[in-house]
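The block underneath contains the structure these notes are about, expressed in structure tokens.
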Amino acid sequence: MYANHLFCKTSSSCKSSSAASLSLAPTPASTLTGSFTGTSSFTGDQHTQMLSLPEHALRHDHAYHQLVFGLEGSTEFDLAGHRRPVTLGAGCILPASTEHVFQGWGQNHILVVNLSTQQEAAMLEAVERLFAKAHYFDCPPDLLWLLRALTRQISAYPQDTRLHQACGHTLICALNQHLGMQQAWIRTGKRLNLAHIDDYIDAHLDRRIQVSELAGLMCLSLSQFQYRFREQVGIPAQTYINQRRLTQIAQVLTSCDRPLSQVAHEFGFAHQSALTKAFSQYFGISPARYRTQYTRL
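Under my numbering, the first residue of the sequence shown is numbered 35, with each subsequent residue one higher.
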């Protein structure tokens, strides 16, 4: 097996070469480039640990590659002056010797995969491609589901290093596939598959749909998806989601007599008044009047 070790970062035992305290008061985001400097290392017998990022900014680098996934709460990283939150569904790739600053607020958890720079031939190409440069990434829905499932396994069996290595291998391969598909989309300038997007929206109309979900579906970063969607469709993706939801509601109103409160619940609205407001703004008529007027036709 290649040398990799996973641990979830939580507050009782996070250590650095400076043995800095992790109980300090929260540090403002403006001070993320904190004064801590140091290096970290891991040993071959290191097992899964539950830790959390400290509430004051720390800076360090290490002689091994590191893959970070946000799991819970608020954390933030700074890579070469590029600062970004790393929360659930986001992550960052840290090639060996990459200096980075990190900080957390309150209860937070991240999943980290540590990788030696020396790899077996079978893993060498994948690792070199993944860690070619430091950058952030967003997880598509399938990868996020996989991350949650593997994290549960790691937490359930904290001493099983073979399981942790297998989980790390799986995450590396899955992330490589996602990023490879993303780059292929960018290179070819391929048009977005609107039918696929519509099917996903229709299947999840009972809740709020995040644009990041559609971006993951298309194997694109959020910013890339938003730009290409607006360029292709002519309106922002969130507006498109809302309009499709309301159009589906209009069809339901004229095809059945379910109470408006039930329709609101089925289409992800917190209450009937929220549905009435959104529907009236889009169609220029209340849902009750729409039902009465168009059911007669």
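Yeah, the Cβ is synthetic: ideal placement off N, Cα and C, and Gly gets one too.
### Message
What does DSSP give as the partner residue(s) for Gly-250 in the beta ladder?
### Response
As DSSP reads the structure, Gly-250 sits in no beta bridge.
#### Entry: Residues bridged to Thr-109 (per DSSP)
In the DSSP assignment, Thr-109 is bridged to Gly-138.
### Query
Within the present structure, is the beta-carbon of Ser-150 separated from the nearest heavy atom of the ligand COA by less than 6 Å?
The ligand COA is not part of this structure, which contains no ligands at all.
### Task
Tell me, to the nearest whole angstrom, how far the beta carbon of Tyr-324 is from that of Ala-284; I am working on the premise that it is less than 8 Å.
Indeed they touch by this definition, with Cβ atoms about 6 Å apart.
### Query
Using 8 Å as the Cβ pair cut-off and three pairs as the minimum, do the segment 118–128 and the segment 155–171 touch?
Contact holds: three or more Cβ-Cβ distances are below 8 Å.
### Message
Using the three-state DSSP reduction, which class does Arg-323 fall into: helix, strand or coil?
### Response
Here Arg-323 sits in helix by DSSP.
### Message
Pull the bridge partners of Ala-124 from the DSSP assignment, please.
### Response
The partner list for Ala-124 (beta bridge, DSSP) reads Asp-172.
### Message
Cutting at 6 Å between CB atoms, please list the residues of its own chain near Glu-133, excluding the five before and the five after it.
### Response
Sequence-distant partners of Glu-133 (beyond 5 residues in either direction) whose C-beta falls short of 6 Å from its own C-beta, in its chain, are Asp-95.
### Query
Can you find at least 3 beta carbon pairs, one from the segment 243–252 and one from the segment 224–231, that sit closer than 8 Å?
The segment 243–252 is in contact with the segment 224–231.
### Query
Hey, Thr-136 and Phe-165 are a contact pair by Cβ (cut 8 Å); roughly how many whole angstroms apart?
One point to set straight first is that residue 136 is Phe, not Thr, in the sequence displayed. Between Phe-136 and Phe-165, the beta carbon gap of about 18 Å keeps them out of contact (Cβ cut-off 8 Å).
### Query
Is it true that the CB of Ile-188 sits closer than 7 Å to the CB of Cys-201?
Their beta carbons are under 7 Å apart, which means Cys-201 touches Ile-188 by this criterion.
### Query
From Gly-302, Leu-149 and Met-252, pick the residue whose C-alpha is nearest to that of Gln-211; which is it?
The shortest Cα separation from Gln-211 among Gly-302, Leu-149 and Met-252 belongs to Met-252.
### Query
Using DSSP with H/G/I as helix, E/B as strand and the rest coil, what is Asp-240?
Coil.
#### Entry: Between the CA atoms of Ser-295 and Ala-304 - distance to the nearest angstrom
Here the C-alpha atom of Ala-304 lies approximately 9 Å from the C-alpha atom of Ser-295.
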